[in-house]
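Residue 103 in this note's numbering is what sits at position 93 of the sequence shown, and the numbering runs on without skipping anything. Glycine included, each C-beta is placed from N, C-alpha and C at the ideal position. Input: a single structure, listed below in structure tokens.
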Amino acid sequence: MASDEDRLRAKVAKLNASLDELETQLDPLFTKSLPETLVALETIQQAKLQVVLPYVLYDLVFVYLKTRGIDPKTHPVIGELDRVRQYFDKIKSAEDSEEKSKDHFCLTLGIDKAAASRFIKHAIAQAKLVKAEEPSNTAHEPASSSSERVPVKITSKMAERAEYEKNLKELGSEEEEDLEVFVEAELSGNEDAMEEEALPLPPQDKGKLRMVEREVPEHEEQVGGRRKRQRIDPFAASGKS
Numbered sequence: 011m012a013s014d015e016d017r018l019r020a021k022v023a024k025l026n027a028s029l030d031e032l033e034t035q036l037d038p039l040f041t042k043s044l045p046e047t048l049v050a051l052e053t054i055q056q057a058k059l060q061v062v063l064p065y066v067l068y069d070l071v072f073v074y075l076k077t078r079g080i081d082p083k084t085h086p087v088i089g090e091l092d093r094v095r096q097y098f099d100k101i102k103s104a105e106d107s108e109e110k111s112k113d114h115f116c117l118t119l120g121i122d123k124a125a126a127s128r129f130i131k132h133a134i135a136q137a138k139l140v141k142a143e144e145p146s147n148t149a150h151e152p153a154s155s156s157s158e159r160v161p162v163k164i165t166s167k168m169a170e171r172a173e174y175e176k177n178l179k180e181l182g183s184e185e186e187e188d189l190e191v192f193v194e195a196e197l198s199g200n201e202d203a204m205e206e207e208a209l210p211l212p213p214q215d216k217g218k219l220r221m222v223e224r225e226v227p228e229h230e231e232q233v234g235g236r237r238k239r240q241r242i243d244p245f246a247a248s249g250k251s
């Protein structure tokens, strides 16, 4: 009897120590509300806290049933504890997958880093080579641009246009020559006429001119600088007859 009593007292003392430790661990959670506590945590830590709290509650119910002499295995609390344990497994698998993804990312990043370093070194070498070649290229560019001439391509329309302009120039030169000959002839004719007018008339010509003026018919009279035929009276002619 004494040994059983001592054993029960030891279990009760252990239970009290566990409850005291649990109280000290849960005490910070009671200083502020649950949403305020969750805000300061990461996503995985938030999931853990939200799963641990109901598990602790159901576990305390399990202990309470045992202290009352009730078999917890026949109580619905066992089903709730099993349900909460599933969430523990899900959180653990999520953590494992996250760790694997981190390791894989670090591994691939290391490979990409080595390849990237090679690419960068190769690009830097090419950039230095291009910068060294730039001055020589710029020095030769003006000479090459001045010496090289782009050949002109003569099309059929351009040839027809040139032939047309050539014919037009030849036709214009011929017309100018004809015009010069005509002008010279006209000028020579005018000069001859002016010379004839400038020559004095001989005496006999003046006499002839006077005779011609006198031979003008009497029935024509000069009126206002014009010669007008004299009117004939028809009645006078009939009376004579």
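Would you identify the three-state DSSP class for residue i, choosing helix, strand or coil?
{"i": "residue 95", "result": "helix"}
{"i": "residue 42", "result": "coil"}
{"i": "residue 105", "result": "helix"}
{"i": "residue 78", "result": "coil"}
{"i": "residue 130", "result": "helix"}
{"i": "residue 51", "result": "coil"}
{"i": "residue 164", "result": "coil"}
{"i": "residue 64", "result": "helix"}
{"i": "residue 170", "result": "helix"}
{"i": "residue 225", "result": "Its pLDDT being 48, under 50, residue 225 is placed unreliably by the model, and nothing is read from it."}
Distance check for residue j and residue i, CA to CA, integer angstroms please.
{"i": "residue 100", "j": "residue 93", "result": "11 Å"}
{"i": "residue 66", "j": "residue 52", "result": "21 Å"}
{"i": "residue 25", "j": "residue 123", "result": "56 Å"}
{"i": "residue 13", "j": "residue 19", "result": "10 Å"}
{"i": "residue 36", "j": "residue 111", "result": "33 Å"}
{"i": "residue 95", "j": "residue 15", "result": "34 Å"}
{"i": "residue 137", "j": "residue 102", "result": "51 Å"}
{"i": "residue 79", "j": "residue 23", "result": "18 Å"}
{"i": "residue 4", "j": "residue 108", "result": "An answer regarding residue 4 cannot be provided, because it is not within the stretch 11 to 251 covered by the chain."}
{"i": "residue 166", "j": "residue 182", "result": "24 Å"}
{"i": "residue 177", "j": "residue 164", "result": "19 Å"}
{"i": "residue 41", "j": "residue 98", "result": "26 Å"}
{"i": "residue 21", "j": "residue 55", "result": "33 Å"}
{"i": "residue 125", "j": "residue 106", "result": "29 Å"}
{"i": "residue 133", "j": "residue 104", "result": "41 Å"}
For residue i, is the classification buried or exposed, using 16 other Cβ atoms within 10 angstroms of its Cβ as the cut-off for buried?
{"i": "residue 174", "result": "exposed"}
{"i": "residue 74", "result": "exposed"}
So, at 8 Å on beta carbons, what are the nonlocal neighbours of residue i in its own chain, with the 5 sequence-adjacent residues on each side left out?
{"i": "residue 90", "result": "64, 68"}
{"i": "residue 209", "result": "In this prediction, residue 209 scores a pLDDT of 48, lower than 50, which makes its location untrustworthy; the coordinate-derived value is nonetheless stated afterwards. Around residue 209: no qualifying Cβ."}
Less than 7 Å between C-beta atoms, sequence neighbours within five positions excluded: which residues of the same chain meet that for residue i?
{"i": "residue 258", "result": "One cannot answer for residue 258 here, as it falls past the ends of the chain, which runs 11 to 251."}
{"i": "residue 82", "result": "72, 75, 76, 88"}
{"i": "residue 46", "result": "none"}
{"i": "residue 39", "result": "47"}
{"i": "residue 60", "result": "none"}
{"i": "residue 70", "result": "none"}
Closest Cβ-Cβ distance between residue i and chain D: below 9 Å?
{"i": "residue 70", "result": "You won't find chain D in this structure, because it holds only one protein chain."}
Using a Cβ-Cβ cut-off of 6 Å (strictly less than) and excluding sequence neighbours within five positions of residue i, which residues of its own chain qualify?
{"i": "residue 57", "result": "101"}
{"i": "residue 29", "result": "none"}
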